[in-house]
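Below: the structure, in structure tokens.
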Amino acid sequence: MLKLFNHLVCSALALALALLAGAAPAATDPSDAAMESIRPEAIRAHMNFLADDLLEGRGASSRGYEISAKYMATEFESMGLTPAGDAGTYLQNVPLRSVRPDEQNTTLSLIRSGKVETMVFRKDFLTPGDPARKESSVEGSVIYVGFGVTAPEQNYDDYKGIDVKGKIVAMVSEAPNFESSLKAHYSSFEQKIANAAAHGAVGLIVVDDPILEGLYPFKEQVRDLSRPGLRWLTKEGVPNDYFPQLRGGAILSLDASKQFFAGSGHTPEEVFQAAKEGKPLTFPLPLTAKIHTQVKLEDVGSHNVVAKLEGSDPALKNEYLVYSAHLDHLGIGEPVKGDAIYNGALDNASGCAILLEVARAFAQMNPRPKRSILFVAVTGEEAGLLGSDYFAHYPTADKNAIVANVNMDEDQMLWPLLDIIPFGAEHSTLSGVVKRAAERLHLALSPDPMPEQVIFIRSDQYSFVKQGIPAVYPSPGIKSNDPKIDPVAIFKEWEETRYHQPQDDMQQPNLDFNQAVKYAQFAYLCGWLIAQDPQRPTWNAHDFFGDHYAKKM
Numbered sequence: 004m005l006k007l008f009n010h011l012v013c014s015a016l017a018l019a020l021a022l023l024a025g026a027a028p029a030a031t032d033p034s035d036a037a038m039e040s041i042r043p044e045a046i047r048a049h050m051n052f053l054a055d056d057l058l059e060g061r062g063a064s065s066r067g068y069e070i071s072a073k074y075m076a077t078e079f080e081s082m083g084l085t086p087a088g089d090a091g092t093y094l095q096n097v098p099l100r101s102v103r104p105d106e107q108n109t110t111l112s113l114i115r116s117g118k119v120e121t122m123v124f125r126k127d128f129l130t131p132g133d134p135a136r137k138e139s140s141v142e143g144s145v146i147y148v149g150f151g152v153t154a155p156e157q158n159y160d161d162y163k164g165i166d167v168k169g170k171i172v173a174m175v176s177e178a179p180n181f182e183s184s185l186k187a188h189y190s191s192f193e194q195k196i197a198n199a200a201a202h203g204a205v206g207l208i209v210v211d212d213p214i215l216e217g218l219y220p221f222k223e224q225v226r227d228l229s230r231p232g233l234r235w236l237t238k239e240g241v242p243n244d245y246f247p248q249l250r251g252g253a254i255l256s257l258d259a260s261k262q263f264f265a266g267s268g269h270t271p272e273e274v275f276q277a278a279k280e281g282k283p284l285t286f287p288l289p290l291t292a293k294i295h296t297q298v299k300l301e302d303v304g305s306h307n308v309v310a311k312l313e314g315s316d317p318a319l320k321n322e323y324l325v326y327s328a329h330l331d332h333l334g335i336g337e338p339v340k341g342d343a344i345y346n347g348a349l350d351n352a353s354g355c356a357i358l359l360e361v362a363r364a365f366a367q368m369n370p371r372p373k374r375s376i377l378f379v380a381v382t383g384e385e386a387g388l389l390g391s392d393y394f395a396h397y398p399t400a401d402k403n404a405i406v407a408n409v410n411m412d413e414d415q416m417l418w419p420l421l422d423i424i425p426f427g428a429e430h431s432t433l434s435g436v437v438k439r440a441a442e443r444l445h446l447a448l449s450p451d452p453m454p455e456q457v458i459f460i461r462s463d464q465y466s467f468v469k470q471g472i473p474a475v476y477p478s479p480g481i482k483s484n485d486p487k488i489d490p491v492a493i494f495k496e497w498e499e500t501r502y503h504q505p506q507d508d509m510q511q512p513n514l515d516f517n518q519a520v521k522y523a524q525f526a527y528l529c530g531w532l533i534a535q536d537p538q539r540p541t542w543n544a545h546d547f548f549g550d551h552y553a554k555k556m
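FYI, my numbering numbers position 155 of the sequence shown as 158, with every residue one higher than the one before it.
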């Protein structure tokens, strides 16, 4: 009996142990496996194709761009994603107008003390041209209006106490020293042009200064004249953000800007210093300006690529998270070191490659995320956020059902990724999303380290913000735990030698695709958290962008 009893006890114990061993493991988050599936070799392969010379730099509306759009659409189709463009396709048509100045018949002259000073195109000035009129002229006295900013919520107005009706206003490209993203918002030429028109100005002159020279040197602006300017067209055929009362505009070189203030009682050094310090400075100039423009206009087209992953929740699947990345780059331009193809490997074949890998990670999940997701590769970012602005105005899903945007642009995979700069997240509950994602991936979050670069307005998330949709642009940070690695120095060297140059190609050294995976995982996780949350993201109470844009929807 005792032996039998011992046998039964042992058998029961063995059975219990077996049951414990075979018990289901603790539940794991399905996003873990999805993140782990993101592959460095896939990111490299997509970039290799998109940044190849055969695509000729993917200039918006070019043949090379359309090949890249077809590639993105084919990849989305292979994942089983639903086409979400026009007429059951993956492509959304974006009507564009090409604007190319007729340099021989475009003039700027200044009349000062009865003497005419004739400016030379490309040397002293350039003009983007009028996107709606083949020929236009304006003449008027000139008032320098500092930043050209009116910001009631900041109790700031460069136009206070002056009348610019019927006059030409001159201004620098920057904005007062507001909070980082607000400073970026008010430095937008869209805002400055709209404000000038609202105050009755008939023309606008942008004065070059050391800050603008550091961001976009005049010689590079001249170089970029090899490509036409582009504007998207509304359903009524009107160029976006067009103000017909402004009949002429010009951008001065730095040398011409210094001469511009002669006889005004203000030295160029004084003007530049005020701009640097964010101080208001407004005064009339003792001159009259005459601007005459002739342009060659052509209506062309390009495409956004849009794919949909339908959500799994019966209610939340009717809401959408949008992932975006710009597919275009600068195309073929003036040669640099013997190379004329501006491949755009990091800017932004990297973002589109990561967009594809994030999409594939979501597509293989079972169950799928609760909310639906739109993956959008946009055109015309380099020409002024055109494709994303068009999509945000005319989305292929109900605009009110779009809950958030996560944008990916220029993954700097050149150093170990230790932190993320989440541009725009601080304005909405997306700040909690990026915090949770960063904690889970053991990444730090950092504030904007270079507010003078106004990055918040320079990528496609800004188009969604302007339509009242909370958005975030996560950018690789610049922390380092290795004294031999200085991300700031690496980034500055890259900007000086490769940014918007043909040398941003796949032959550049030190591309680390494992770091690209870390960035992709962060972007994926942000989207996962948004897609799973029963509450849609909301703007913070009394936030400028929520009050300024969302309440107008």
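In this text, a Cβ means the ideal position worked out from N, Cα and C, and glycines have one as well.
Q: Go ahead and pull the three-state DSSP assignment for Met75.
A: Residue state, collapsed to three classes: helix.
Q: Using the Cα positions of Lys340 and Tyr502, report the straight-line distance between them to the nearest angstrom.
A: One Cα belongs to Lys340, the other to Tyr502, and the distance between them is close to 14 angstroms.
Q. Which same chain residues, not among the five before or five after Phe547, have their C-beta less than 7 angstroms away from its C-beta?
A. Glu156 and Leu185
**Q.** Ala253 in three-state terms, based on DSSP
**A.** strand
Q) If we ignore side chains and look at the alpha-carbon of each, how far apart do Thr296 and Trp235 end up? A) 20 angstroms
Q.
With H, G and I counted as helix, E and B as strand and the rest as coil, what does DSSP make of Arg461?
A. coil
Q: Between the Cα of Tyr552 and those of Arg363, His188 and Asn158, spot the shortest distance and give me the residue it belongs to.
A: His188
Q: Let me know if Ser116 comes out buried or exposed under the rule of 16 or more other beta-carbons within 10 Å of its beta-carbon.
A: exposed
Q.
Distance check for Asp302 and Leu113, CA to CA, integer angstroms please.
A. 33 angstroms
Q: Kindly provide the ranges of any alpha helix (DSSP H) runs that are 4 or more residues long and lie completely inside the region 147-214, ordered along the chain.
A: 183-190 and 192-201
Q: Let me know if Leu57 comes out buried or exposed under the rule of 16 or more other beta-carbons within 10 Å of its beta-carbon.
A: Label assigned to Leu57: exposed.
**Q.** Close-in-space but distant-in-sequence residues of the same chain around Thr399 (CB under 7 angstroms, 5 per side omitted)
**A.** Here the set comprises Ala87, Gly88, Gln95 and Val309.
(Q) Tell me which residue opens and which closes the alpha helix (DSSP H) that Leu532 is part of. (A) Phe516 to Gln535
Q | Test item: CB-CB of Asp463 and Leu532 under 8 angstroms | A | Judged by beta-carbon spacing, Leu532 lies beyond the 8 angstroms limit of Asp463, meaning their Cβ atoms are not closer than that value.
Q.
Which of the three DSSP states is assigned to Ala440 in this structure?
A. helix
**Q.** Whole-angstrom distance between Pro486 and Ile357, CA atom to CA atom
**A.** 29 angstroms
Q. Candidates Leu257, Asp422 and Phe52: which alpha carbon is nearest Met122's?
A. Leu257
Q: Pull up the CB-CB distance for Gly354 and Asp422, whole angstroms please, since I reckon it's below 8 angstroms.
A: About 19 angstroms; that fails the 8 angstroms criterion.
Q) Cα separation between Ala544 and Leu433? A) 13 angstroms
Q. Candidates Asp451, Ala440, Pro134 and Val406: which alpha carbon is nearest Pro242's?
A. Pro134
Q: Decide yes or no for the touch test of the region 323-337 against the region 270-283: beta carbon pairs closer than 8 angstroms, at least 3 of them.
A: no
Q. Using the rule of at least 16 other Cβ atoms within 10 Å of the residue's Cβ for burial, across every protein chain shown, is Val457 buried or exposed?
A. buried
Q: Along the beta strand (DSSP E) that carries Lys299, what are the first and last residues, could you check?
A: Phe286 to Leu312
**Q.** Length of the line joining the Cα atoms of Pro231 and Arg103
**A.** Taking the straight line joining both Cα atoms gives about 5 angstroms.
Q. What first and last residue would you give for the beta strand (DSSP E) that runs through Leu233?
A. Gly232 to Trp235
**Q.** Contact set for Ser449: own chain, Cβ-Cβ below 6 angstroms, skip 5 residues either direction
**A.** Asp422, Ile424 and Gly480
Q: Check each candidate in Asn180, Glu223, Glu216 and Thr153 and name the one with the smallest Cα separation from His202.
A: Thr153
Q: Give the secondary structure of Ile376 by DSSP, where H, G and I count as helix, E and B as strand, and everything else as coil.
A: strand
Q | the region 200-218 / the region 243-252 touching (three or more Cβ pairs under 8 angstroms) | A | yes
Q. Are Ala72 and His306 touching if we call contact CB-CB under 8 angstroms?
A. yes
Q) Is Glu413 closer than 8 angstroms to Asn513 when the C-beta atoms are compared? A) no
Q | First through last residue of the beta strand (DSSP E) which encompasses Ala2 | A | An answer regarding residue 2 cannot be provided, because it is not within the stretch 4 to 556 covered by the chain.
Q | Endpoints, the beta strand (DSSP E) within which Asn410 is located | A | Ile405 to Asn410
Q) Per DSSP, which one or two residues make a beta bridge with Tyr1? A) The question about residue 1 has no answer here: the residues shown for the chain are numbered 4 through 556.
Q) How is Lys487 classed by DSSP in three states: helix, strand or coil? A) coil
Q. What is the rounded straight-line gap between the Cα of Ser191 and the Cα of Val437?
A. Looking at the two C-alpha atoms, the distance is approximately 26 angstroms.
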